[in-house]
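Let me begin by presenting the structure, written as structure tokens, before commenting on it.
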Amino acid sequence: MQTSPLYTARVTTPDGILDLPFRVTGEENALTLTLPAAEVPADFTEIALLPDLFTRRVGDAGNYVLPRSGSGAITHFNQKEDGTEEFDASFLPIIGLSEPEGGTLLIFEGMHLGGHFRLSLRDGAYSLCPVIKADYSTLFEDISIQLYFLTADQAGYPAMAALYRAYKLEQGHIRTMADKAAQRPLLHYLAESPEIRIRMGWKPAPPKVLSQTRENEPEMRVACTFDRVGELLDTLHARGLQKAEFCLVGWNKSGHDGRWPETFPVEPLLGGEEGLRRLIGKAQGYGYKMVCHTNSLDCYEIAEDFSEEITSKQKDGQSYTCGCWSGGQAYQLCPTKAMGYAKRDLPKIRDLGFAGSHYIDVISTVPPRDCHDPRHPVTHGECARLWNEVLAYASDLFGGISSEGTYDFTCGVLDYGLYSTFKLLSGLSPLEDDFIPLWQLCYHGILTYNPSADTVNYPIKTPAAAGL
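Numbering (my numbering), first residue to last: 6 to 473.
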């Protein structure tokens, strides 16, 4: 077992700061660093992992490689205003240091689902390291890191992405689409087909009523009925479109984000169940796939079976909120409850005739979340596992699975991500210098994906508004 003063975890407690050494194993250019959770003081407030390893001075040659802005970014060691940025590690748990003489790739493994990366510039010194903060996550597993030391010709971000991809493949965490398609021909179809989302109906968003009931529920706007979608299919087929997957958004009761987790009945104003079944039959007759949009994370007070008992709780016992949408104030459904609703509703949805890469909203575009309700506590790590189980269950049921984003912890299950980055050409922090396609180099060919949310609902966006 090797030791080095650089291979330490800096632990902050109410009594002060101490450095704990990692256990180091491996070869010269590939090391595994481990710190058992049992060795960390229970009253820690923060753990900075390898805080000195990537420290550099303004004017040094080279750059940091960062998994930021939904794709990636680089930071050169030039003069900037002092500042600190923290970003969630679960999107892509890697950082890199690229220098003329070589590079270092850090893969944050154990505890990355409850961790962050911290980028800082202070008094001419740059620093970059993983951090774990007690006010965000408990220490639910041992801390572990993989370090790879790269030669000068392999020190750039493309080689780092290729190395991480190879690592994930070797660990069995992901498979290439070509490999998966040997057992699932649907993936060939998806790779050759446009994904066409049709937003059919919704209540006002932002909502006019936050706490909605059956009595005060706002009226749903009908934008596109099932019969109107059928006319669109007729036109596309007549113009020679041979393959496509259509995803119906807002087909459920009260439309898009209407009453989750309440789903049924099929919205009558759109044509009801009879109209929907007729539409699905037409789509399949043309050789198209048709799926629908559901949600296993948000819940609203208006739902017939809503209660505070099903929501995830913060440390103070208050329910986590997650935005205000058409259904009003959205609360986070505890991951321990998600599978129950999935098993209640998804088979009924499948029975309507939907088949393809079923879409479950949100899960793959946010970090895993914990729950402090003593009736159903969940760590960040358990949350990721439970969400993936819901995705996998839906995939088995419908033949495939898609979701809103492409967070790393979901990429071993997903077939399609609605967008890999929210804004393609905006979102750099003051400490970052340029975008790089880091996520794309890691995961291209592992799943299909849309490049950004700029193309979602594009007809109501101008290029300027979309940032293009």
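Idealized CB from N, CA, C, for every residue including glycine. All values derive from a computational prediction rather than experimental measurement.
Alpha carbon to alpha carbon, how far is residue i from residue j?
i                 : j                : result
valine 63         : phenylalanine 82 : 5 Å
threonine 156     : leucine 396      : 39 Å
threonine 89      : leucine 110      : 21 Å
leucine 280       : cysteine 252     : Checking the sequence shown, residue 280 turns out to be glycine, not leucine. When rounded, the distance between both Cα atoms is 16 Å.
alanine 471       : proline 19       : With a pLDDT of only 45 at alanine 471, under the threshold of 50, the placement of this residue in the model should not be trusted, and no figure is reported.
arginine 349      : glutamine 176    : 34 Å
leucine 102       : aspartate 93     : 18 Å
asparagine 221    : glutamate 306    : 12 Å
serine 76         : proline 105      : 24 Å
aspartate 310     : threonine 13     : 49 Å
serine 457        : tyrosine 424     : 5 Å
threonine 426     : glycine 410      : 7 Å
aspartate 147     : valine 383       : 17 Å
lysine 320        : leucine 118      : 18 Å
serine 474        : proline 373      : There is simply no residue 474 to check, as the chain begins at 6 and stops at 473 in what is shown.
tryptophan 207    : proline 223      : 10 Å
threonine 460     : glutamine 159    : 34 Å
tyrosine 421      : glycine 361      : 11 Å
valine 16         : proline 26       : 11 Å
phenylalanine 403 : cysteine 447     : 27 Å
leucine 443       : threonine 316    : 35 Å
glutamate 387     : tyrosine 141     : 15 Å
glutamine 323     : valine 136       : 26 Å
lysine 138        : glutamate 278    : 49 Å
alanine 196       : lysine 185       : 12 Å
phenylalanine 59  : leucine 11       : 9 Å
alanine 167       : glycine 161      : 10 Å
leucine 124       : tyrosine 131     : 8 Å
arginine 390      : isoleucine 285   : 32 Å
alanine 249       : tryptophan 392   : 27 Å
histidine 261     : aspartate 128    : 49 Å
phenylalanine 145 : glutamate 394    : 19 Å
arginine 355      : alanine 347      : 11 Å
serine 408        : alanine 171      : 24 Å
Look at residue i and residue j and say whether their C-beta atoms are less than 9 Å apart.
i                 : j                 : result
isoleucine 441    : threonine 181     : no
tyrosine 474      : phenylalanine 96  : A question about residue 474 goes unanswered here, because the residues of the chain that appear run from 6 up to 473.
cysteine 134      : alanine 53        : yes
lysine 318        : histidine 385     : no
alanine 78        : aspartate 439     : yes
tyrosine 291      : histidine 242     : yes
valine 371        : leucine 302       : yes
phenylalanine 359 : arginine 283      : no
proline 98        : proline 56        : no
serine 331        : glycine 263       : yes
glutamine 151     : leucine 38        : yes
leucine 126       : lysine 173        : no
lysine 258        : proline 266       : no
leucine 351       : alanine 399       : yes
isoleucine 201    : cysteine 229      : no
tyrosine 153      : leucine 238       : no
cysteine 327      : valine 296        : no
leucine 430       : threonine 80      : no
threonine 299     : isoleucine 365    : yes
glycine 333       : proline 212       : yes
glycine 120       : phenylalanine 113 : yes
glutamate 272     : glycine 255       : yes
leucine 246       : glycine 405       : no
leucine 215       : cysteine 329      : yes
How far does the alpha helix (DSSP H) with residue i in it reach, from first residue to last?
i             : result
serine 400    : 385 to 403
leucine 518   : The first residue shown for the chain is 6 and the last is 473, placing residue 518 beyond what the model contains.
lysine 287    : 277 to 290
glutamine 445 : 443 to 448
Beta strand (DSSP E) containing residue i: first to last residue?
i                 : result
tyrosine 481      : Outside the modelled stretch of the chain, which goes from 6 to 473, sits residue 481, for which no answer is possible.
aspartate 87      : Premise fails: aspartate 87 is in no beta strand (DSSP E) and is neither H nor E.
phenylalanine 269 : No beta strand (DSSP E) contains phenylalanine 269, which DSSP labels as neither H nor E.
alanine 14        : 13 to 18
serine 103        : 99 to 104
alanine 35        : 35 to 40
glycine 21        : 21 to 26
arginine 123      : 121 to 127
glutamine 151     : 148 to 155
aspartate 158     : Premise fails: aspartate 158 is in no beta strand (DSSP E) and is neither H nor E.
lysine 294        : 294 to 300
threonine 411     : It is not in any beta strand (DSSP E) - threonine 411 carries neither H nor E in the DSSP assignment.
tyrosine 141      : That residue, tyrosine 141, is in no beta strand (DSSP E); it is neither H nor E in DSSP.
threonine 460     : Taken as a continuous stretch (DSSP letters only), threonine 460 belongs to no beta strand (DSSP E), as it is neither H nor E.
phenylalanine 311 : Element bounds for phenylalanine 311: n/a, residue is neither H nor E.
Across the segment 23 to 42 and the segment 401 to 420, are there enough close Cβ pairs to call them in contact, namely three or more that are closer than 8 Å?
no
Can you give, in chain order, each stretch of the alpha helix (DSSP H) that sits fully within the segment 173 to 239 and has at least 4 residues?
182 to 186, 191 to 196
Identify every run of the beta strand (DSSP E) within the segment 328 to 378, keeping only runs that are complete inside it and at least 3 residues long; order them along the chain.
333 to 337, 361 to 366
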